[in-house]
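From first to last, the protein sequence lines are chains A and B.
Using our numbering, the letters of the first sequence map in sequence onto residues 4 to 577.
Using our numbering, the letters of the second sequence map in sequence onto residues 29 to 295.
Note that CB positions come from ideal geometry on N, CA and C, so glycine has one too.
Contents: one structure, followed by commentary.
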Amino acid sequence: MATKLPKVPVVIVGMGWAGTIIASELTKAGTKVVGLERGKNRSTQDYFMVHDELRYAQRYEMMQDLSRETITFRNTEKVKSLPMRSYGSFLMGDGLGGAGIHWNGQNFRFLPYDFEIYSKTVERYGKKKIPDGMQLQDWGITYDQLEPYFDKFEKMAGISGEKEQNPMVGKRSAPFPVGPMKKSPMMKMFEDASKKLGFHPYVIPSANLADAYTNSDGISRAACQYCGFCERFGCEYGAKADPVVTVLPVAQKTGNLEVRTFSNVIRVLHTGSKATGVVYVNTMTGEEFEQPADVVVLTSYVFNNVRLLLTSKLGKPYDPQAGTGVIGKNYAYQIVGGQTVGYYDDKEFNLYMGAGALGSAIDDFNGDNFDHGSLNFLHGANIRITQTGMRPIANNPTPNGTPKWGKAFKQASIKYANRNLVVATQGSNMAWRHHYLDLDPTYKDVYGLPLLRLTYDFEDQDKELVKFMATKTSAIMKEMKPTKQETANVITTYNIVPYQSTHNTGGVIMGADPGTSAVNSYLQMWDADNVFVVGASAFPHNSGYNPTGTVGALAYRAADGLLQYLKKGGGSLV
Amino acid sequence: MADETKEPTGGTPGDSPRRPPDESRRSFLKVSGAAVGGVVAGGVIGGLIGNAIGRKNKPQQGGGGGAAPAPAKDFNQALMFFTQDQFRIAEAAAERIFPKDDLGPGAKELGVAYFIDHQMAGQYGMNGKDYMMGPFSKAEATQGYQASFKRHELITMGLEALNEYSQKKYSVNFPELKEDQQDEVLTAFEKGQGVLLKDVPGSLFFNLFRSLTIEGAYADPLYGGNKGMGGWKMKGYPGDQMAYIDKIEKDGFIKMDPASLHDHMGH
Ligand SMILES: Cc1cc2nc3c(=O)[nH]c(=O)nc-3n(C[C@H](O)[C@H](O)[C@H](O)COP(=O)(O)OP(=O)(O)OC[C@H]3O[C@@H](n4cnc5c(N)ncnc54)[C@H](O)[C@@H]3O)c2cc1C
Ligand code: SF4
Chain A
4 MATKLPKVPV VIVGMGWAGT IIASELTKAG TKVVGLERGK NRSTQDYFMV HDELRYAQRY
64 EMMQDLSRET ITFRNTEKVK SLPMRSYGSF LMGDGLGGAG IHWNGQNFRF LPYDFEIYSK
124 TVERYGKKKI PDGMQLQDWG ITYDQLEPYF DKFEKMAGIS GEKEQNPMVG KRSAPFPVGP
184 MKKSPMMKMF EDASKKLGFH PYVIPSANLA DAYTNSDGIS RAACQYCGFC ERFGCEYGAK
244 ADPVVTVLPV AQKTGNLEVR TFSNVIRVLH TGSKATGVVY VNTMTGEEFE QPADVVVLTS
304 YVFNNVRLLL TSKLGKPYDP QAGTGVIGKN YAYQIVGGQT VGYYDDKEFN LYMGAGALGS
364 AIDDFNGDNF DHGSLNFLHG ANIRITQTGM RPIANNPTPN GTPKWGKAFK QASIKYANRN
424 LVVATQGSNM AWRHHYLDLD PTYKDVYGLP LLRLTYDFED QDKELVKFMA TKTSAIMKEM
484 KPTKQETANV ITTYNIVPYQ STHNTGGVIM GADPGTSAVN SYLQMWDADN VFVVGASAFP
544 HNSGYNPTGT VGALAYRAAD GLLQYLKKGG GSLV
Chain B
29 MADETKEPTG GTPGDSPRRP PDESRRSFLK VSGAAVGGVV AGGVIGGLIG NAIGRKNKPQ
89 QGGGGGAAPA PAKDFNQALM FFTQDQFRIA EAAAERIFPK DDLGPGAKEL GVAYFIDHQM
149 AGQYGMNGKD YMMGPFSKAE ATQGYQASFK RHELITMGLE ALNEYSQKKY SVNFPELKED
209 QQDEVLTAFE KGQGVLLKDV PGSLFFNLFR SLTIEGAYAD PLYGGNKGMG GWKMKGYPGD
269 QMAYIDKIEK DGFIKMDPAS LHDHMGH
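Right under this line is the structure:
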């Protein structure tokens with residue numbers, strides 16, 4: 004029997020970016036909040052020994068413990084889904100700050116096109132352009148409506164970027180709060196090459212602070228040191244914006260936030276169309292607690308946002324055959340093929356140094372910034388070069404045809420360790436009727452609850468996109484004059500094993516229509532107005548960018564909605 | 029064990045994806061997918077006893093008496109997990125994967141076999157953070173590792189299979205083979221020819237062992253490999269430096285003396 008605790012106004016499940024942003028906005032406004040986090044506490048003191056590639060990058064020190072809980076995966080419904088037994092394709096965060104601790108900090112706003120993708124595609128190309136089975140949907144909000152929230156997130160985090168308005172992306176109401184990151188030689192080469200080809204390169208907006216910065220909450224942080232241990236690592240300088248060094252201290256200072264770590268939520272309680280609280284397990288003692296609340300906010304990342312709703316039987320599960328229901332619908336990912344590697348016999352670069360978000364990019368082939376009339380795909384990709392710090396276990400570049408081991412491998416991998424550059428892509432991914440999340444019929448977590456099952460594969464759309472992007476990355480690399488270059492222009496089947504990106508999206512998508520979406524533009528559930536489900540789970544498709552800038556904006560929007568909701572005392576916000 | 033199959037390549041491993049899965053990975057994955065669960069591998073652990081490792085550590089001499097100072101003992105170089113036989117096979121195999129050459133030390137000199145021994149004794153060898161609940165089923169190539177045994181069992185099985193294969197083909201144990209014969213045996217395993225157990229191809233072992241070897245050459249020396257930061261020195265990798273803010277914009281390669289986490293303890 005769960006021990007019943009006193010009721011609180013708001014309970015938040017998961018203390019990553021989404022959960023802590025909402026906690027800080029609500030507590031600043033005077034609302035009492037309980038934040039439940041399954042993992043441990045964290046602070047910058049934890050990172051004294053953080054420059055350890057084996058522990059953090061290879062052994063996933065900061066990520067979710069898969070022995071307790073994982074997902075199962077299959078490419079199609081014809082195949083038996085099997086558990087992802089160890090890490091590969093993506094890495095789930097765990098502990099205070101979630102994946103916001105060990106992210107890179109590459110910070111983008113999705114394009115105006117993304118939010119109205121269905122309408123704009125039909126307007127420009129006609130309905131016929133959308134292939135059968137592709138579930139293209141507008142988001143129920145426009146870029147202009149979301150713009151103030153992007154701005155809020157960027158000012159809180161101190162996003163560092165160029166002062167001039169980039170002509171390829173949505174209009175900004177204000178410049179970035181901090182100037183751009185320093186330019187390394189490879190970034191200059193990429194920018195010169197892209198300009199020569201008529202493209203519009205810019206320095207990637209970064210949550211690794213380019214300069215010391217104090218935000219409007221009075222939080223001061225130091226500048227990034229380009230230490231090269233950023234992605235998959237915590238920042239010992241507090242230079243990388245993460246929840247623990249930005250929004251959490253603000254929330255804690257109000258005295259209105261109580262964070263309970265080692266608290267794994269297993270159920271959302273509800274009667275009819277209202278949630279009444281959550282049940283969680285203390286992961287140390289195994290004791291169960293019931294936390295009653297007026298409002299429940301799920302910010303437990305894409306997978307557990309969906310899983311908690313399904314296991315709690317809240318909302319209508321998606322049925323891919325009938326095309327009905329919404330929970331689990333429109334899972335999407337990131338397409339990362341089509342890159343070109345250049346090898347330089349006559350030049351060495353300082354590849355061991357870098358920062359998580361250091362790089363330059365172009366958006367000339369992202370969104371609908373180019374004509375798709377004669378192309379067999381929609382949307383596009385951000386094309387970029389990044390210098391995130393090449394560590395020696397993972398960085399063993401060898402030209403095609405080099406043996407995988409022995410003397411020839413050793414010599415080539417050492418020779419090219421600091422002599423290779425990569426022009427890469429971050430491709431968008433559309434949603435399809437048969438890509439979805441539901442409960443696995445066989446496999447269970449440590450609590451005996453069903454694991455989430457992922458059914459997903461690459462489509463012709465993705466393969467065509469990769470083929471197209473490969474011609475662009477190879478053209479840019481050619482201008483960067485390597486001794487030799489190699490382009491990978493084919494992707495075949497989605498494989499859960501090699502790391503690709505932790506940009507999983509969808510499952511609890513937003514929209515204007517309760518028939519086709521699970522939450523409204525405040526991320527409030529249509530089927531239970533006191534439940535808000537926040538994160539990339541709300542994306543109806545994934546853009547050609549990293550997701551967190553847009554997750555941050557949506558979290559600020561949801562916080563606004565929550566405050567309105569608490570004031571009104573209930574009801575739908577739209 | 030998804031991570032073993034990751035080719036350490038020029039791609040950054042994180043969220044700025046530089047290389048998607050390539051075909052070489054894919055072909056390995058096809059093989060790994062063939063591994064079936066339900067097999068208990070414990071029986072092969074233990075192996076033969078006896079056979080000294082063949083390394084004699086001179087007892088350290090007390091100072092004074094005008095004698096030249098003896099090299100400091102490395103207390104880390106002792107076995108937590110392997111038998112002496114297994115250790116000798118591991119050392120020989122790792123050296124072929126990452127040999128000593130004109131660039132510098134190979135796996136043996138870098139202590140890679142000690143690194144692997146220590147890793148197998150710990151969380152990673154025991155699959156501490158992996159989902160190990162059943163049922164275990166036959167997998168598609170894209171679904172990753174699905175065997176029920178653990179990394180330390182796979183490694184000990186594989187090392188002993190290297191010996192068995194060498195005995196069958198050349199009538200001597202793997203460490204006693206000539207270098208080119210050792211390469212032949214390893215190539216056979218890489219191609220999935222050596223068989224560890226019914227349905228478990230040698231490539232499953234080979235890929236994990238190869239990845240452990242590279243880790244042992246380049247991980248922080250605190251783990252027992254990369255002795256004296258020799259792997260880093262060869263690669264021009266400066267290890268644990270605090271900041272590059274004054275260097276990040278500079279053209280031309282900057283060579284630095286590497287530092288390790290041990291140096292960091294003084295801060
Ligand atoms: C290596 C890496 C690099 C990345 N780099 C970038 C980048 O450069 N740019 C970018 O935009 N994005 C990047 N991302 C993605 C980014 O980290 C995520 O988009 C973002 O952190 C998601 O925030 P979130 O709050 O939605 O989820 P999370 O950060 O995952 O937070 C969810 C929290 O909920 C907790 N939780 C889950 N289930 C439960 C439960 N049942 N009970 C209690 N608590 C629970 C988890 O422990 C976790 O702390 C990267 C991700 C990784 C892994
Ligand atoms: S690269 Fe910069 S932001 Fe990233 S961990 Fe190092 S100092 Fe921090």
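Under 8 Å by beta carbon: chain B residues contacting A/Ala420: Lys263, Gly264 and Tyr265
Whose C-alpha, out of A/Thr505, A/Leu468, A/Ala21 and A/Asn507, is nearest the C-alpha of A/Asn492? A/Leu468
Which residues, in order along the segment 135–152 of chain A, keep a beta-carbon less than 9 Å from a beta-carbon of chain B? none
For B/Gly39, does the three-state DSSP call read helix, strand or coil? Here the model assigns B/Gly39 a pLDDT of 37, short of 50, so the residue's position is not dependable, and the following value carries that caveat. If DSSP states are grouped into helix, strand and coil, B/Gly39 belongs with coil.
Buried or exposed: where does B/Ala141 fall if 16 or more other Cβ atoms within 10 Å of its Cβ makes it buried? buried
Within this structure, are the beta carbons of A/Leu212 and A/Val181 separated by less than 8 Å? yes
Neighbourhood of A/Lys487 by C-beta, 6 Å cutoff - its chain only, sequence neighbours within 5 removed: Tyr346
Just mark B/Asp274 as buried or exposed, buried being the case when its beta carbon has 16 or more other beta carbons within 10 Å. exposed
At a cut-off of 7 Å, would you count A/Asn211 as near ligand 2, judging by its Cβ distance to the nearest heavy atom? yes
Whose Cβ in chain E lies nearer than 7 Å to the Cβ of A/Leu57? The question asks about chain E, but that chain is absent: this structure's protein chains are A and B.
Taking all protein chains shown into account, do 16 or more other C-beta atoms lie within 10 angstroms of the C-beta of B/His290, making it buried, or fewer, making it exposed? By the neighbour-count criterion, in which 16 or more other beta carbons inside 10 Å mark a residue as buried, B/His290 falls on the exposed side.
Shorter than 7 Å, the distance from the beta carbon of A/Asp68 to the closest heavy atom of ligand 1, or not? Placement of the Cβ of A/Asp68 at a distance of 7 Å or more from every heavy atom of ligand 1 is found.
Can the beta-carbon of A/Ala210 be found less than 8 Å from the beta-carbon of A/Arg224? no
Would the C-beta of A/Gly182 count as close to ligand 2, meaning under 7 Å from any of its heavy atoms? no
How many angstroms separate the CA atom of B/Arg46 from the CA atom of A/Glu489? Reliability of the predicted coordinates at B/Arg46 is poor, the pLDDT of 42 falling under 50, and the value obtained from them is presented with this limitation in mind. In a straight line, the C-alpha of B/Arg46 is about 13 Å away from that of A/Glu489.
Sorry if obvious, but does the Cβ on A/Lys243 come closer than 7 Å to a heavy atom of ligand 2? yes
Where in the segment 216–289 of chain A do unbroken runs of the beta strand (DSSP E), each at least 3 residues long, occur, reported from the N-terminal end onward? Assignment of beta strand (DSSP E) within the segment 216–289 of chain A, counting only whole runs of 3 or more residues, yields 260–263, 266–274 and 277–285 in chain order.
Helix, strand or coil at B/Ser194 according to DSSP, with G and I counted as helix: Three-state DSSP puts B/Ser194 in a helix.
Does any residue of chain B have a CB that is nearer than 8 Å to the CB of A/Val500? yes
Check the Cβ of B/Ala118 against every Cβ in chain A and list those closer than 8 Å, keeping chain order. Chain A residues near B/Ala118: none, gap ~15 Å exceeds 8 Å.
Does the separation of the CB atoms of A/Gln61 and B/Glu243 fall below 8 Å? yes
Going along the segment 111–136 of chain B in order, which residues come within less than 7 Å of chain A, judged by CB to CB distance? Arg124, Ile125, Phe126, Pro127, Asp129 and Leu131
Verify the CB distance criterion: does B/Lys157 have a CB-CB separation below 8 Å to chain A? yes
Per DSSP, what kind of secondary structure is B/Ala169 in: helix, strand or coil? helix
So A/Leu8 and A/Glu293 are in contact, right, with Cβ under 8 Å, and what is the actual spacing, rounded? 7 Å
Just to confirm, is the Cβ distance from A/Gly547 to A/Asn369 under 8 Å? yes
Any chance the CB of A/Tyr216 is under 7 Å from a heavy atom of ligand 2? Taking 7 Å as the cut-off, one finds no heavy atom of ligand 2 near enough to the beta carbon of A/Tyr216.
What ranges does the beta strand (DSSP E) occupy inside the segment 199–231 of chain B, keeping only unbroken runs of at least 3 residues that lie completely in it? 223–225
Which residues does DSSP list as the beta-bridge partners of A/Lys447? A/Pro453
Segments assigned alpha helix (DSSP H), at least 4 residues, entirely inside the segment 96–143 of chain B: 112–125
Closer than 9 Å between beta carbons: that is the criterion. Which residues of the segment 30–52 of chain A meet it against chain B? Phe51 and Met52
With hydrogens ignored, establish whether the beta-carbon of A/Arg270 is closer than 7 Å to any heavy atom of ligand 1. no
Considering Cα atoms alone, identify which of A/Thr288, A/Ser315 and A/Ser504 is closest to A/Gly340. A/Ser504
Interface residues of chain B facing A/Glu351 [CB-CB closer than 7 Å]: Chain B residues near A/Glu351: Phe281.
Under 8 Å: do the segment 180–191 of chain B and the segment 117–124 of chain B share three or more Cβ pairs, one atom per stretch? yes
Please report the residue range of the alpha helix (DSSP H) in which A/Tyr559 lies. Thr551 to Lys571
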